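Colleague: Structure incoming, see below.
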Amino acid sequence: MTALDLRALLADPLHSGAYFVDEHDTAAMAAAGAALDFAVARVDLGDCADKAAVLAQIGQALQFPDWFGGNWDALADSLGDLSWLPAPGYLLLVEHAGDWRAADGPGFDTLLAILGEAATDWRTRNVAFWVLLPLPAEELQQLED
């Protein structure tokens, strides 16, 4: 896919959502989001051992205000607002999620559901909201099988 095709895809809110992608596409996705003037946030879950660390990483990456409560409901509320981070669209790159997914499958599933709901909510406002979870090709293949 060319850079122009990627930008066209990301600019379309109707297709936005939460998706697993090949980690080799991360740089191209980030560059395409930046070219669209999207708020691009990289969330590194590599050292996250629990829900509190995951929420802190997301909050830091998206510059959540001090009132962020650090729980799942507060995450959903904050993702649905983002008034402190105005942009024509949003791209979250949730990197190194595999370890936390393996350690806390139910927590990961909750996070994925909240991210997907946020994308749906933004889509109803005609704003692109992408959550991309880059994985190594072999992990991505396992998910597809």
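According to the UniProt record's numbering, the sequence shown holds residues 1 to 145 in order.
Glycine is no exception: its CB is placed at the ideal position from the N, C-alpha and C atoms.
All of these numbers come straight from a predicted model, not from anything done at the bench.
1. Measure the C-alpha to C-alpha separation of Pro86 and Glu23 and round it to an integer number of angstroms.
2. Tell me which same chain residues have a C-beta within less than 7 Å of the C-beta of Ala9, skipping the five on either side of it?
3. Under the three-state reduction of DSSP, which class applies to Phe20: helix, strand or coil?
4. According to the neighbour-count rule (16 or more other Cβ atoms, all chains shown, within 10 Å of its Cβ), is Gln57 buried or exposed?
5. Do the stretch 118-133 and the stretch 77-92 meet, that is, are 3 or more Cβ pairs less than 8 Å apart?
6. Could you pull the start and end residues of the alpha helix (DSSP H) that Glu69 belongs to?
7. Is Leu112 helix, strand or coil when you go by DSSP?
8. Looking only at its chain, what residues have a beta carbon closer than 7 Å to the beta carbon of Gly116, apart from the 5 residues adjacent to it on each side?
9. Give the single residue among Ala52, Leu112, Thr120 whose Cα lies nearest to the Cα of residue 147.
10. Does the stretch 69-84 touch the stretch 100-119, meaning 3 or more C-beta pairs lie closer than 8 Å?
11. Find the nearest neighbour of Thr120 within the set Arg101, Ala102, Ala76, judged by alpha-carbon distance.
12. Under three-state DSSP, which class holds Pro136?
13. Give the straight-line distance between the Cα atoms of Val40 and Gly107, rounded to the nearest whole angstrom.
14. State the CB to CB distance for the pair Leu36 and Pro88, rounded to an integer number of angstroms; the pair is presumed to be in contact (CB under 8 Å).
15. Please report how far the alpha carbon of Asp81 lies from the alpha carbon of Ala28, in whole angstroms.
Modeller: Let me lay it out:
1. 27 Å
2. For the sequence presented, residue 9 should be read as Leu rather than Ala. Within the same chain, Leu9 has close Cβ partners His15.
3. strand
4. buried
5. With the cut-off at 8 Å, the stretch 118-133 and the stretch 77-92 touch.
6. Per the sequence presented here, residue 69 reads as Gly, with Glu not at that position. Run containing Gly69: none; DSSP gives neither H nor E here.
7. helix
8. Excluding residues within five positions, the ones whose Cβ falls inside 7 Å are Gly17, Ala18.
9. Examination of residue 147 is not possible in this model, given that the chain is present from 1 through 145 alone.
10. yes
11. Ala76
12. coil
13. 24 Å
14. In this structure Leu36 is in contact with Pro88, their Cβ atoms being roughly 7 Å apart against a cut-off of 8 Å.
15. Going from the Cα of Asp81 to the Cα of Ala28 covers about 27 Å.
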